[in-house]
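Each remark here refers to the structure printed beneath this line.
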Amino acid sequence: MKRFLPVVAIGFAAFFAFGAVLAQGITAATLARGHVGHLDQISAVLAAFVLVAALTAVLVATTVFRITFAQRTGELALLRLLGAGRGRVAVRMIGEGVVTGLLASGAGVLAAFAVGSAAPLAGLPAPEFPWAGAVAVAFGGAGITALAVVSPAVAASGVAPLQALRESSVQDDGVRRVRLVAGALALLGAVVLLVSTLMSGLGDDARPAGVTESLLTRTVLSAALFFCAFACFGSVLMPGLLRVAGLLTRRFGAVGRLAVSGVGGAPRRAAAVTMSVALGVSVVIGSLAGAASMRANGETEMASSYPTDLELTGSFPSGYEETLRAAGLRHVLGYRRLDVGFTSATDHIVAGSTDVTLPDLPTADRLDVATGSLHGVVLGGALARTLHVSAGEHLRLEARGRSVEVTVGGTLHGSVPLGSAVLGSDVLDALGAPAELDGFLADGSERAVPAGNDIQVESLAQSREKKESWLGSLSVLAVVLLALTLVIAVVGIGATTSLSVLERVRESALLRAIGLSRRRLRTMITLESAVYGLLGSVLGLVIGLVHAWLAVLALGEDWPLRVPVLPLAAVVVALVVLSAAAGLVPARRAARVSPAAGRTDG
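Mapping of the sequence shown onto mature numbering (1 follows the signal peptide of the UniProt record, and there is no 0): residues -23 to -1, 1 to 579, in sequence order.
The structure is reproduced here in structure tokens:
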């Protein structure tokens, strides 16, 4: 059982990583069907998920291998007693880790492809088997396993030969100077990346619209360095965190205090497990906040890009608006177009403008107003940023040899319908725009539009449906990644609790001998698992919310951050419950220990 747990941890990580590779292929095929081009955003998000999965795998595997090797102290000491040097013992254990990584990664790849093959059941394209991705994940799994096993192997190889005569135990060597220096450097790097990402995301007007992969990469690296700093400082921080956890478990009396002290008995191990859970919670926050922000941004974008079902352009006969209404079309709005020069105190730009009446649009309530209102001169977000203006400021407009001074009535997050700005009919008249209408917006069936030789009809409803399909695909992808992340975190807790129970057989027997009932011992072990979930959730919330905001900035300047509080709270509660559930089986094993086992040698 002890040697099987690293296989489970690495296997789930490989399943997660190869699942992301398959999801990218499936999403690319889905987008190709819909003829939309958002693969860059999806690829960047998936790359971030794969990086987080790899880091989680290293943390879980390191913890599991450290405890597993400690359980083999007698075997390793006997090898030393027979003449094996430290280097030979360490190489042997690292080799075991590499083989474990290859086997586990191969199993994870096959499991992910088996699950991905069920994509047609959800109406998605069947994935092709990406051999290059499979090989990369398999050898990548072996590589991260080798990375994870180096530190436990080197520490375990230093066991003294005389240890073969003693009881095995996990060595938790406290805080070393090199670890504190590494933690300080990691924290400094995380803060520098955090500040630079924040300044670039908010202060660079020249950055392109849409996803900015450099910002997203810096965001993920910043989060990773924060977690690395916590791993290095974990032995120092865990006592304080456990005192806070003790306030929540004190209602369980002595059992609650024993559970907290059990977690604190090995602070390095507790920090590693807490960090793996926190990583999972951070990804959960990123998934939920990203999906909610994407949905809010998508709704705003669709309200602007597809304000009605139909758009009609061409040469219209007199009274055509009444003709459209008589044909059963609704929300009929005519508009004129004009290219206008905008001059502010700092910039000048020519942009397309219309006089469509924004408050009369059926999607007006879904337009995201940044400043001011929808009345008067309204600028889209990109134009407002270029001109450095907001509601209440003045602009000079020029067109057809005329110029007027106007006051900005409002600015939007995202674009305005049909162009970069809405000026109003009186402003276009002042700029010399022709009186003839350039187009109509209307709701209704395309078949109801009266025929005309010079009239073109564009179905905005069909474009809207394609966009909604894309948003639905990303939502499904986020839910799948979310579920896999929770599984990885819970597996890490279960592995640690199981091996901790094996390590503390004599402690459990002693507690039983002094009168602790089986039920209360089970409660104690279950609470230990719950404490890991609780501490990881708190840490994940603190780090995850900040970096989720930065990730949303990296996806686009006009993307609003939406934090779904209730779903997020439900996920955190569920994670704590699942963490406690992960300790049920180890708790039952601990409860079966006889009090007499406390008098036997380990």
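We put the CB at the ideal spot given by N, CA and C, even for glycine.
**Item:** Pro339 versus Val254 - alpha carbon distance
**Value:** The alpha-carbon atoms of Pro339 and Val254 are separated by roughly 45 angstroms.
**Message:** Suppose you measure from the CA of Gly329 to the CA of Gly513; what does that come to, to the nearest Å?
**Reply:** Each residue's alpha carbon lies about 51 angstroms from the other.
**Item:** Assigned secondary structure, Ser145 (DSSP; H/G/I helix, E/B strand, else coil)
**Value:** Note on Ser145: pLDDT 44, under 50, position unreliable in the model; the coordinate value appears next. Residue state, collapsed to three classes: coil.
**Request:** Please list, in chain order, all residues of the same chain as Val404 whose beta carbon is under 8 angstroms from its beta carbon, the five residues on each side excluded.
**Result:** Here the set comprises Asp332, Val354, Leu374, Val381 and Val383.
**Asked** How would you label Phe293, buried or exposed, when you count the other beta carbons within 10 angstroms and need 16 or more for buried?
**Response** Classification for Phe293: buried.
**Request:** In the DSSP assignment, find the alpha helix (DSSP H) that holds Tyr297 and state where it starts and stops.
**Result:** Taken as a continuous stretch (DSSP letters only), the alpha helix (DSSP H) holding Tyr297 covers Tyr297 to Ala303.
**Item:** Pro104, buried or exposed, once every other Cβ within 10 Å from all chains shown has been counted against 16
**Value:** When all chains shown are included, Pro104 counts as buried.
**Prompt:** Taking Cβ to Cβ, would you say Thr50 is nearer than 8 angstroms to Pro129?
**Reply:** Contact: no.
**Request:** Could you check how far apart the C-beta atoms of Leu364 and Ser321 are, in whole angstroms? I think they sit under 8 angstroms.
**Result:** Indeed they touch by this definition, with Cβ atoms about 4 angstroms apart.
**Request:** On the DSSP bridge assignment, give the partners of Val333 in chain order.
**Result:** DSSP lists no partner for Val333.
**Request:** Along the alpha helix (DSSP H) that carries Glu413, what are the first and last residues, could you check?
**Result:** In this chain, Glu413 is not harboured by any alpha helix (DSSP H), its DSSP state being neither H nor E.
**Request:** Quickly, what does DSSP pair Leu389 with across the bridge? List them, please.
**Result:** Leu389 pairs with Val346.
**Rounded separation between Ala200 and Phe207 - CA only** = Phe207 has its alpha-carbon roughly 11 angstroms from the corresponding atom of Ala200.
**Asked** Contact check, Ala125 vs Gly74 under 8 angstroms by CB: the rounded distance?
**Response** The Cβ separation is near 7 angstroms, so the contact holds.
**Three-way DSSP call (helix, strand, coil) for Ile326 in this model** = In this structure, Ile326 counts as strand in the three-state DSSP scheme.
**Request:** For Leu218, decide whether its Cβ has a neighbour in chain D, counting only Cβ atoms nearer than 8 angstroms.
**Result:** Going by chain labels, chain D is absent from the structure shown, which holds only one protein chain.
**Request:** Flag this pair as touching only if the region 299 to 318 and the region 404 to 422 have three or more C-beta atom pairs under 8 angstroms; answer yes or no.
**Result:** Segments in contact, yes.
**Request:** From the DSSP output, read off the bridge partner residues of Gln439.
**Result:** According to DSSP, which records beta bridges pairwise, Gln439 is partnered with nothing at all.
**Cβ contact (3+ pairs, closer than 8 angstroms) linking the region 481 to 501 and the region 213 to 220** = The region 481 to 501, when compared against the region 213 to 220, does not touch it at the 8 angstroms Cβ threshold.
**Asked** What number of angstroms, rounded off, separates the C-alpha of Gly267 from the C-alpha of Phe229?
**Response** Here the alpha carbon of Gly267 sits roughly 38 angstroms from the alpha carbon of Phe229.
**Prompt:** When you compare only the Cα positions, how much space is there between Leu257 and Ala546?
**Reply:** Per the sequence shown, residue 257 should be read as Gly rather than Leu. So the alpha carbons of these two residues sit roughly 14 angstroms apart.
**Message:** Let's test the definition: count the other Cβ atoms within 10 Å of the Cβ of Arg43 and tell me whether it reaches 16, buried, or not, exposed.
**Reply:** With 16 or more Cβ atoms within 10 Å of its Cβ, Arg43 is classed as buried.
**Item:** Element boundaries [alpha helix (DSSP H), containing Gly118]
**Value:** For Gly118, the enclosing alpha helix (DSSP H) starts and ends at Trp108 to Ser134.
**Message:** Considering only the alpha carbon of each residue, which of Val426, Arg539 and Ser571 lies closest to Gly492?
**Reply:** Gly492 has its Cα closest to that of Ser571, out of Val426, Arg539 and Ser571.
**Prompt:** Rounded C-beta distance between Gln433 and Thr290? I'm assuming under 8 angstroms.
**Reply:** About 5 angstroms; that satisfies the 8 angstroms criterion.
**Prompt:** Are the beta-carbon atoms belonging to Leu170 and Leu193 less than 8 angstroms from one another?
**Reply:** Not in contact: Leu170 and Leu193 (Cβ atoms no closer than 8 angstroms).
**Bounding residues of the beta strand (DSSP E) (the contiguous stretch that carries Val317)** = Arg314 to Thr320 is the span of the beta strand (DSSP E), which, as asked, contains Val317.
**Asked** DSSP on Ser380, reduced to helix/strand/coil?
**Response** It is a strand residue.
**Asked** Hey, how far is the Cα of Ala438 from the Cα of Met279?
**Response** Distance between the alpha carbons of Ala438 and Met279: 10 angstroms.
**Prompt:** Excluding sequence positions up to five away, which residues of its chain have a Cβ less than 6 angstroms from the Cβ of Gly409?
**Reply:** Around Gly409: Arg377 and Arg379.
**Asked** Where does the unbroken alpha helix (DSSP H) through residue 592 begin, and where does it stop?
**Response** Lying outside -23 to 579, the shown extent of the chain, residue 592 is not represented and no answer is given.
**Asked** Mapping DSSP to helix, strand and coil, what is Ala419?
**Response** Strand, per DSSP.
**Prompt:** Taking Cβ to Cβ, would you say Leu351 is nearer than 8 angstroms to Leu372?
**Reply:** The answer is no: Cβ separation not under 8 angstroms.
**Item:** Host alpha helix (DSSP H) of Gly85 (start-end)
**Value:** Start and end: Arg63 to Gly93.
**Prompt:** What is the C-beta distance between Ser475 and Ala507, in whole angstroms, given that I count them as a contact (C-beta under 8 angstroms)?
**Reply:** Separation of the CB atoms of Ser475 and Ala507 is rounded to 15 angstroms, and the pair is thereby denied contact status at 8 angstroms.
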